[in-house]
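Colleague: Before I ask anything, here is the structure I am working with.
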Amino acid sequence: MINAVWGITQAPFKRDKLTLLPQQNHLLDIIKIHAQQGGFSVVIGEPGVGKTVLREHIEQFNKAREYTVASCSRTLHTYRQIIWQLADSFQLETTEKNIESDLIECAFSHIRERKTLYILIDEAHLLDTSVLRKLRLLFERFPKNHNLVLFGQPSLLHYLSLSTNKDIKSRITYSATLKPLNQEDMERYIVRELESVKMGINTFDEAAMALIIRSSEGNLRLCRNLCLGSLIEAARETKRVVSITHVNNVLVQPHWRSHEELITQQVLS
């Protein structure tokens, strides 16, 4: 529908485009450096600020000869499930008895081929302490040229700061917080998405743009969803300019309304 109304071949704000924002690029540059020295990196941020995009961008390194990326992106956070996901990422045929030693040998074989190794674990704030300790012991036997990167919500660092977890925290070589975008960066993101599919930068009128930015509160995922929803509302009316009315038609949907508003509505009804 969007493509037909605006006469475009690709819709904007799609997840298959992994262009990084400046903040994500900065983190990526440092993560690359730590991978050369043997790193243990932690990237935290609230849901929707861009952790997944950064992780998926690093996963694309697998297409280059000089990198190997093993990623655990499914939320199955027992130790055995994680190491079997790693074995699957390495395309390693092994057995339950030999999986740990085979993973270590496989990692060394990649390093002997002069590759840099990235091991990514998503939703790491869900990891139990015992799981994290076992993983730490396993990766300490890996070659130096690798970077274990944990992606998680802010509670991950609070969890690692507990006195019982000092042995794990002391091994972190780099940590960073992906912060919500400011208004200028959010507007640049929207304009860039429009330009990438050859839509005019005035597709959202001034009031609509301001409302989207204000309602998204710096959250990249919310911004993308709100922009897409507003474009759909405009397309339904075959309008080529998104107005504040179209944005409000999205914001009145229940999942956009705050918890307090929903309670007030229930009391009044």
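Per the UniProt record's numbering, residue 1 is the first one in the sequence shown, and the count goes up by one each step. Idealized CB from N, CA, C, for every residue including glycine.
1) Could you round the C-beta distance between residue 316 and G39 to whole angstroms and report it? I think they count as a contact, below 8 Å.
2) So, helix, strand or coil for N98, using DSSP?
3) Please state whether the Cβ-Cβ distance between I111 and P143 is less than 7 Å.
4) Out of V131, T238, L222, point me to the one whose CA is closest to W256's CA.
5) Sort V49, Q37, H57, W6 by Cα distance to T19 and report the nearest one.
6) Helix, strand or coil for V131 per DSSP?
7) Using DSSP with H/G/I as helix, E/B as strand and the rest coil, what is residue 282?
8) For the 8 Å Cβ check, are there 3 or more pairs between the region 47-62 and the region 115-122?
9) Any idea if E217 is buried or exposed, counting beta-carbon neighbours within 10 angstroms, 16 or more meaning buried?
10) Excluding the five sequence neighbours on either side, which residues of its own chain have a C-beta within less than 8 Å of the C-beta of R236, listed in chain order?
11) Helix, strand or coil: how does DSSP classify residue 313 here?
12) DSSP three-state label for H259, please.
13) Grab the span of the beta strand (DSSP E) containing H158 for me, first residue to last.
Modeller: The relevant details are as follows:
1) Outside the displayed span of the chain (1 to 269) sits residue 316, for which this structure offers no information.
2) coil
3) yes
4) L222
5) H57
6) helix
7) Residue 282 is absent from the model: the chain starts at 1 and stops at 269.
8) yes
9) exposed
10) M1
11) What is shown of the chain runs 1 to 269, which leaves residue 313 out entirely.
12) Since pLDDT at H259 reaches only 43, below the 50 mark, its modelled position is unreliable, and the value read off the structure follows with that caveat. Here H259 sits in helix by DSSP.
13) Careful: H158 lies outside any beta strand (DSSP E), inside the alpha helix (DSSP H) at 155-160.
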